[in-house]
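The structure appears right after this line, and notes come after that.
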Amino acid sequence: MNEETRDMLISWADKYNDPQYFREDPIAFPARMAELYRRGERILADIEITALIAAHLAWGRRAMIVRDSIRAMDEMNWRPYDYVMKGKYRDDASSLHRTVKWSEFADICSRLRETYSERDSIEGMDNGEIRCRIFGRKPDPRAPDKKINMMRRWMVRDDGKVDLGLWKNSDKAALLIPLDVHVHDVAVDLGLTSRRQKDIATVREITDAFAGIFPGDPCKGDFALFGYGITHSK
1 MNEETRDMLI SWADKYNDPQ YFREDPIAFP ARMAELYRRG ERILADIEIT
51 ALIAAHLAWG RRAMIVRDSI RAMDEMNWRP YDYVMKGKYR DDASSLHRTV
101 KWSEFADICS RLRETYSERD SIEGMDNGEI RCRIFGRKPD PRAPDKKINM
151 MRRWMVRDDG KVDLGLWKNS DKAALLIPLD VHVHDVAVDL GLTSRRQKDI
201 ATVREITDAF AGIFPGDPCK GDFALFGYGI THSK
């Protein structure tokens with residue numbers, strides 16, 4: 001990577017790591033819960049559950065993601081922990097978001113109830129545990145786990161700007177870039193990876209490239225990729 005590209009990525013990350021660009025974004029939902037938490041009106045689990053649900057719905061157009069995240073939060077009366085622990089969920093075959101049915105939402109809530117019956121926080125769970133125990137997916141050591149890595153970024157990064165920084169026992173240096181098709185395409189264009197597979201090895205290669213640009217905080221590079229998308233859509 002040449003110095004011009006490196007400097008451009010740093011500039012984009014600094015510019016777009018700003019709440020003004022994320023008011024209509026899935027992170028707005030755990031961010032709202034975090035405000036209530038800081039006022040003593042919610043617990044950490046409320047933020048975690050909101051982050052998990054918002055991340056799970058985070059595919060497709062942002063307007064649709066926001067609309068359907070609101071539907072999920074309305075169903076939970078904006079008190080996700082109480083809703084989960086009560087054990088009575090909307091459970092039918094109609095769509096919550098794209099191919100995600102309310103029955104899938106109910107299954108996730110049920111597994112969250114089991115999880116929070118055993119622990120106060122999911123911070124100590126690794127990606128495989130969240131993937132299988134909460135989202136109900138099969139084990140896949142090659143999976144990029146985009147949604148989980150995005151949720152981790154929200155909960156761990158602690159620069160006080162966009163991300164929430166509420167998981168105090170997690171190291172932001174260990175975070176992984178959330179990889180989807182768009183991120184992969186941009187990373188290839190920028191020379192951050194040459195791998196064509198959208199798997200965990202590619203995630204680590206892109207993350208390692210960003211670790212050299214943003215030492216100790218590789219997921220700051222996620223804002224650089226967002227900036228690339230903004231500047232190259234014009």
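Number 172 in the UniProt record's numbering belongs to position 172 of the sequence shown; there are no gaps in the numbering.
Yeah, the Cβ is synthetic: ideal placement off N, Cα and C, and Gly gets one too.
CB-CB length for residue i against residue j, believed under 8 angstroms
i, j, result
"Ile108", "Gly136", "7 angstroms"
"Trp59", "Glu123", "At roughly 24 angstroms, the Cβ-Cβ gap does not stay under 8 angstroms, so Trp59 and Glu123 are not in contact."
"Tyr89", "Ala72", "Contact doesn't hold; Cβ gap of about 11 angstroms is too wide."
"Met1", "Gly227", "About 16 angstroms; that fails the 8 angstroms criterion."
"Arg142", "Asp199", "5 angstroms"
"Met33", "Arg42", "6 angstroms"
Contact set for residue i: own chain, Cβ-Cβ below 6 angstroms, skip 5 residues either direction
i, result
"Pro218", "Thr207, Phe210 and Ala211"
"Gln197", "none"
"Ala173", "Gly216"
"Val66", "Glu24"
"Ile130", "Ile148"
Residues sharing a beta bridge with residue i, DSSP
i, result
"Ser95", "Lys101"
Start-to-end residues for the alpha helix (DSSP H) that takes in residue i
i, result
"Arg67", "Arg62 to Glu75"
"Met85", "Pro80 to Lys86"
"Ala55", "Leu44 to His56"
"Pro30", "Ala28 to Arg38"
"Tyr21", "From DSSP, Tyr21 is part of no alpha helix (DSSP H); its letter is neither H nor E."
"Trp154", "Lys146 to Val156"
"Leu225", "Gly221 to Thr231"
"Asp14", "Glu3 to Tyr16"
"Gly212", "Ile200 to Ile213"
"Val186", "Val181 to Asp189"
7 angstroms Cβ shell around residue i - same chain, five flanking residues per side excluded
i, result
"Trp154", "Ile27, Pro30, Ala51, Asp163 and Leu164"
"Leu112", "Ile49, Val84 and Ile134"
Residue j beta carbon less than 7 angstroms from that of residue i
i, j, result
"Lys220", "Ala13", "yes"
"Leu179", "Pro144", "yes"
"Leu44", "Ser121", "yes"
"Tyr37", "Ile53", "no"
"Val203", "Ile230", "no"
"Val183", "Leu225", "yes"
"Glu213", "Arg61", "Before going on, a small fix: residue 213 reads as Ile here, not Glu. No. Outside cutoff."
"Phe223", "Tyr16", "yes"
"Met150", "Ala55", "yes"
"Asp68", "His97", "yes"
Proximity test, residue i beta-carbon vs the ligand ADP heavy atom, cut-off 6 angstroms
i, result
"Trp12", "As far as ligands go, the structure on display features none, and thus does not contain the ligand ADP."
Chain-order list of residues whose beta-carbon lies under 8 angstroms from that of residue i (same chain, five-residue window excluded)
i, result
"His170", "According to the sequence provided, residue 170 is Ser. The question's His does not apply to it. Glu123, Arg152, Met155 and Val156, listed in sequence order."
"residue 240", "Nothing can be reported for residue 240, as the shown portion of the chain is limited to 1 through 234."
"Ala93", "Lys101, Trp102 and Ser103"
"Ser194", "Val188"
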